[in-house]
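Peer 1: Quick one: the structure is below, and I'll ask about it shortly.
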Amino acid sequence: MQKTLSIIAPTGSGVFYFPGFVKIDAMRGTGQWGHVSEYDVVIDDQALDEVSVVSIGSTDNRPGDQYPGNISLGRAILFGYPMYVHYTVEPAPSWNVEKTMVITGQSWEILAYVKGFVAIDGIQRRGDWDRLDVVVRYRPNDPELHKITVSTTAPDRDLPANAIDLGVIWQNDMARYARYTDEIVTPTP
Numbered sequence: 005m006q007k008t009l010s011i012i013a014p015t016g017s018g019v020f021y022f023p024g025f026v027k028i029d030a031m032r033g034t035g036q037w038g039h040v041s042e043y044d045v046v047i048d049d050q051a052l053d054e055v056s057v058v059s060i061g062s063t064d065n066r067p068g069d070q071y072p073g074n075i076s077l078g079r080a081i082l083f084g085y086p087m088y089v090h091y092t093v094e095p096a097p098s099w100n101v102e103k104t105m106v107i108t109g110q111s112w113e114i115l116a117y118v119k120g121f122v123a124i125d126g127i128q129r130r131g132d133w134d135r136l137d138v139v140v141r142y143r144p145n146d147p148e149l150h151k152i153t154v155s156t157t158a159p160d161r162d163l164p165a166n167a168i169d170l171g172v173i174w175q176n177d178m179a180r181y182a183r184y185t186d187e188i189v190t191p192t193p
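Residue numbers (my numbering): 5 to 193.
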């Protein structure tokens with residue numbers, strides 16, 4: 005269902021992120037010198053998961069709708085000078101939100117498939133046995149599937165090709181060297 009919100013913003017300038025954006029229905033000058041306007045923004049409350057970037061701009065020589073992509077809001081007077089106000093709409097960029105999760109497994113090898121893998125932020129022993137907690141950082145919006153292999157070795161610290169060192173962990177009074185490899189796996193359709 006469509007609803008109308010009224011926002012107050014500078015006349016002819018501003019960038020806003022609106023969930024469920026449909027259109028700007030009207031603009032009214034409210035400031036003493038025209039520097040502030042009230043905008044009636046129509047949103048669809050059934051489409052709140054779709055976010056739009058709405059940019060309000062102005063030109064002083066001709067209506068904004070004469071430029072490709074601009075939607076005219078009409079003429080306004082700012083400090084006694086006429087200007088034409090318009091807006092453009094673009095989809096919001098995908099958010100690169102990062103999250104963490106903990107994977108627990110045997111210390112000699114932990115194999116996991118993680119969508120949107122970024123990095124391993126930490127590794128620690130769990131209990132008295134050969135179990136490890138691995139703190140994994142990932143981006144839920146990233147579609148790439150990664151095959152992550154975490155392993156420990158002793159007594160040598162030689163890293164295999166493409167492995168990343170995670171440091172030393174102590175198990176049964178013995179230093180073990182932790183490392184991981186990351187391989188991008190092509191997702192199956």
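A virtual CB, placed ideally from N, CA and C, is assigned to each residue, including glycine.
Small disclaimer: the values here were computed from a predicted structure and weren't measured.
So, are the CB atoms of Glu102 and Tyr142 less than 8 Å apart?
Peer 2: For Glu102 and Tyr142, yes; Cβs fall inside 8 Å.
Peer 1: Measure the beta-carbon distance from Ser76 to Tyr85 and round it to whole angstroms, keeping in mind my assumption that it falls under 8 Å.
Peer 2: With 8 Å as the limit, Ser76 and Tyr85 do not qualify as a contact, their Cβ atoms being about 18 Å apart.
Peer 1: Between Ala116 and Pro23, what straight-line distance do the alpha-carbon atoms span, to the nearest angstrom?
Peer 2: Their Cα atoms are separated by approximately 35 Å.
Peer 1: Please report how far the alpha carbon of Val55 lies from the alpha carbon of Tyr21, in whole angstroms.
Peer 2: For Val55 and Tyr21, the distance between alpha carbons rounds to 6 Å.
Peer 1: Distance, Cα to Cα, Ile127 vs Val40?
Peer 2: Their Cα atoms are separated by approximately 54 Å.
Peer 1: Give the straight-line distance between the Cα atoms of Asn145 and Asn65, rounded to the nearest whole angstrom.
Peer 2: If you take the alpha carbons of Asn145 and Asn65, they lie about 43 Å apart.
Peer 1: Leaving out the 5 sequence neighbours to the left and right, which residues in its chain are closer than 8 Å to Trp112 when beta-carbon positions are compared?
Peer 2: Cβ within range, chain order: Asp134, Ser155, Thr156.
Peer 1: Compute the Euclidean distance between the alpha carbons of Ser62 and Leu82, then round it to the nearest angstrom.
Peer 2: If I take the Cα positions, the gap works out to 11 Å.
Peer 1: So, at 6 Å on beta carbons, what are the nonlocal neighbours of Arg161 in its own chain, with the 5 sequence-adjacent residues on each side left out?
Peer 2: So the qualifying residues of the chain are Tyr181.
Peer 1: Give the DSSP bridge partners of Thr52, in chain order.
Peer 2: For the sequence presented, residue 52 should be read as Leu rather than Thr. Paired residues: none, contrary to the question.
Peer 1: Quick one: residues in its chain with C-beta nearer than 8 Å to the C-beta of Trp37, no 5 flanking neighbours on either side, listed in chain order?
Peer 2: Once the five neighbours on either side are set aside, the close Cβ partners of Trp37 are Leu82, Phe83, Gly84.
Peer 1: Looking at the strands, I want to know which residues DSSP matches up with Val89.
Peer 2: Per DSSP, Ser62, Gly78.
Peer 1: What do you get for Gly16, buried or exposed, if any count of 16 or more other CB atoms within 10 angstroms of its CB means buried?
Peer 2: Buried is the call here.
Peer 1: How long is the line joining the alpha carbons of Gly33 and Tyr43, rounded to whole angstroms?
Peer 2: If I take the Cα positions, the gap works out to 9 Å.
Peer 1: How is the beta strand (DSSP E) around Gly3 delimited, first residue to last?
Peer 2: The structure shown does not extend to residue 3, since the chain is modelled only from 5 to 193, so the question has no answer here.
Peer 1: As a quick exercise: from Met105, Gly109, Tyr71, pick the residue whose alpha carbon is nearest that of Gly4.
Peer 2: With the chain covering 5 to 193 only, the question about residue 4 has no answer from this structure.
Peer 1: Mapping DSSP to helix, strand and coil, what is Thr34?
Peer 2: Here Thr34 sits in coil by DSSP.
Peer 1: Checking the sheet assignment: what are the DSSP bridge partners for Thr185?
Peer 2: Note: Thr185 sits in a beta bridge opposite Thr153.
Peer 1: Among Ala30, Leu9, Ala179, whose alpha-carbon lies nearest the alpha-carbon of Gly171?
Peer 2: When each option's Cα is compared against that of Gly171, the closest is Ala179.
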